[in-house]
Structures are given as structure tokens and as C-alpha cells.
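Asks:
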Amino acid sequence: MLVITRFRVHDVEGFRDRAAAALEVFQARKGFLAADLERNLDDEELWVLVTRWRDVGSYRRALQGYESKLVVVPLLSEAFDEPSAYEDPALL
Numbered sequence: 001m002l003v004i005t006r007f008r009v010h011d012v013e014g015f016r017d018r019a020a021a022a023l024e025v026f027q028a029r030k031g032f033l034a035a036d037l038e039r040n041l042d043d044e045e046l047w048v049l050v051t052r053w054r055d056v057g058s059y060r061r062a063l064q065g066y067e068s069k070l071v072v073v074p075l076l077s078e079a080f081d082e083p084s085a086y087e088d089p090a091l092l
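Numbering (full-length UniProt numbering), first residue to last: 1 to 92.
1) Where does D36 sit, in a helix, a strand or coil, going by DSSP?
2) In terms of residues, what are the limits of the alpha helix (DSSP H) holding F80?
3) Look at the alpha carbon of A62 and the alpha carbon of K30, and state the distance between them as a whole number of angstroms.
4) Just mark F80 as buried or exposed, buried being the case when its beta carbon has 16 or more other beta carbons within 10 Å.
5) Can you have a look at L49 and say buried or exposed, based on whether 16 or more other CB atoms are within 10 angstroms of its CB?
6) Among all the DSSP beta bridges, which residues are the ones paired with F7?
7) Using the rule of at least 16 other Cβ atoms within 10 Å of the residue's Cβ for burial, across every protein chain shown, is L92 buried or exposed?
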């Protein structure tokens with residue numbers, strides 16, 4: 001399961017710090033597989049956080065708890081309001 005979360009970033013240093021903190025929380029969660037934080041080549045304010053999870057339940061559970069509410073949810077509230085969860089069509 002893949003989560004693609006896009007951001008319009010004006011304060012790069014602050015954003016990178018918040019994203020790094022959120023990734024630390026994610027990495028400690030069961031079902032977390034990998035993550036990439038990337039900046040768009042054509043639009044330097046456009047960033048994407050791509051995370052991979054064992055299943056959708058793992059991702060949803062990763063958003064629960066005090067630490068996630070304190071660190072992850074504020075970061076995700078900065079993201080574009082668009083669908084972000086994807087699954088492998090072969091698994092449908």
C-alpha cells in the first residue's frame with residue numbers, strides 16, 4: 001500500500017524538520033516499509049512524501065496515538081487536500 005502526500009512548501013528548513021520528525025514516528029510503527037521525501041524538479045515549492053505500508057490498516061493505525069497526533073497529523077494538515085492512498089491493482 002502506497003501513500004502519496006503532496007505539499008506546497010515555503011519554509012524548506014522547517015518543513016524538512018517536521019517531515020523528519022514525522023518519519024521517525026512512522027518508522028517505529030508496525031507495517032511501515034519505506035519512505036521517500038522528494039522535491040519537484042520543475043517547481044521547487046512542490047514536495048512529495050511517499051510512504052509504503054504492509055496494508056491500509058498499518059497506515060491507519062500509524063496515525064493513531066499521542067505521538068502521531070502531536071507530530072504526524074500537524075504535518076499532514078499542511079498537505080494538499082486530495083486522495084493519497086493507493087493499492088496495487090493486482091491485489092484487487
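C-beta: ideal position from N, C-alpha, C; glycine also.
Replies: Reading from the atomic positions:
1) Locating residue 36 in the sequence shown gives position 36, counting from the first residue. Strand, per DSSP.
2) Position 80 of the sequence shown, counted from the first residue, corresponds to residue 80. It is not in any alpha helix (DSSP H) - F80 carries neither H nor E in the DSSP assignment.
3) Taking the first residue of the sequence shown as position 1, residue 62 is located at position 62. Taking the first residue of the sequence shown as position 1, residue 30 is located at position 30. Cα to Cα, A62 sits roughly 8 angstroms from K30.
4) Stepping through the sequence shown from its first residue, residue 80 is reached at position 80. With fewer than 16 other Cβ atoms inside 10 Å of its own Cβ, F80 counts as exposed.
5) In the sequence shown, the residue the question calls residue 49 occupies position 49. Buried.
6) Within the sequence shown, residue 7 is the residue found at index 7, counting from 1. For F7, which the question treats as bridged, DSSP gives the partners W47 and A79.
7) Your numbering for residue 92 matches position 92 in the sequence shown. Classification for L92: exposed.
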